[in-house]
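Below is one structure, written out as structure tokens; comments come after it.
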Amino acid sequence: MPDTIGGLPVHPLVVHAVVVLVPLAVLLLVAALASATVRRRAGIVTPVLATVALALVPIATDSGEGLERRLPRTDLIRTHAELGDTLAPWMAGVALAACALWWFARPRRNADGAANTTDTPDKRPSSLPGGRRWFAIVAVVGVVAAVGTAVQIVRIGDSGARAVWQQTGSLQPASDSGHGID
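Each residue of the sequence shown is one higher than the last, beginning at 7 in the numbering used here.
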């Protein structure tokens with residue numbers, strides 16, 4: 007993978023996609039777990055979004071390692087890199103839960119391909135194939151993975167911002183330039 011695109015490091019470009027898609031996948035999964043309406047309307051979007059977000063995580067990690075080799079080795083960069091390596095397992099849990107939720111809650115088809123309306127899940131988790139047991143397992147895995155993913159994405163982002171801003175300049179607004187906040 008190239009380290010730069012048009013002279014810009016790939017890592018911050020990929021990270022922007024991760025920072026948007028990972029929290030979006032987490033929120034959509036939690037909403038789908040909480041609401042049959044969201045589950046039904048989102049359909050295949052939830053597992054596709056979670057899977058795409060999961061696929062972007064190692065790309066962000068690999069591009070970060072490429073950038074890390076070009077930068078001076080500091081504790082801030084080391085911390086950010088170590089935290090970055092922790093996101094994939096959490097996001098894998100989100101993707102797994104999203105796929106399982108979609109699989110079990112999807113509308114079933116008859117032999118002729120028509121929707122089987124008698125087997126379509128309603129608002130009660132017990133009406134889903136496998137009943138409450140599978141839903142409880144998916145919900146627990148999904149919520150734990152969603153919370154872990156959300157915590158890690160914040161920690162990783164914070165450490166990355168600190169690594170950039172504490173090396174390139176002050177975190178304080180420039181009040182003497184007339185553009186700062188006084």
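Using N, Cα and C, we set each Cβ at its ideal position, and we do this for glycine too.
Between residue i and residue j, how many whole angstroms is the CB-CB distance? I'm expecting something under 8 Å.
i, j, result
"Val147", "Ala103", "5 Å"
"Val63", "Met97", "5 Å"
"Thr85", "Ser165", "5 Å"
"Val24", "Ala152", "That pair is no contact at about 16 Å."
Between the alpha carbons of residue i and residue j, how many angstroms are there, rounded?
i, j, result
"Leu107", "Gly137", "12 Å"
"Ser41", "Ala48", "11 Å"
"Pro8", "Val16", "7 Å"
"Arg161", "Ala145", "24 Å"
"Ile65", "Val20", "7 Å"
"Asp125", "Trp171", "Caution is warranted here: a pLDDT of 45 is assigned to Asp125, below 50, making its placement in the model unreliable, and the coordinate value is therefore given only provisionally. Going from the Cα of Asp125 to the Cα of Trp171 covers about 55 Å."
"Leu77", "Asp91", "18 Å"
"His22", "Leu39", "26 Å"
List the residues that DSSP assigns as beta-bridge partners of residue i.
i, result
"Ile11", "Leu14"
I'd like the list of long-range same chain contacts for residue i, defined as Cβ closer than 8 Å, with 5 residues on each side in sequence excluded.
i, result
"Ala101", "Ala31, Pro53, Ala56, Thr57, Ala59, Leu60"
"Phe156", "Per the sequence shown, the amino acid found at residue 156 is Ala instead of Phe. Hits under 8 Å: Pro29, Val32."
"Ala169", "Thr80, Leu82, Ile83, Thr85, His86"
Spatial neighbours of residue i within its chain, please: CB distance less than 7 Å, with the 5 preceding and 5 following residues excluded, ordered by chain position.
i, result
"Ile50", "Trp108"
"Leu73", "Asp9, Pro15, His17"
Under the three-state reduction of DSSP, which class applies to residue i: helix, strand or coil?
i, result
"Pro64", "helix"
"Ile50", "coil"
"Asp81", "helix"
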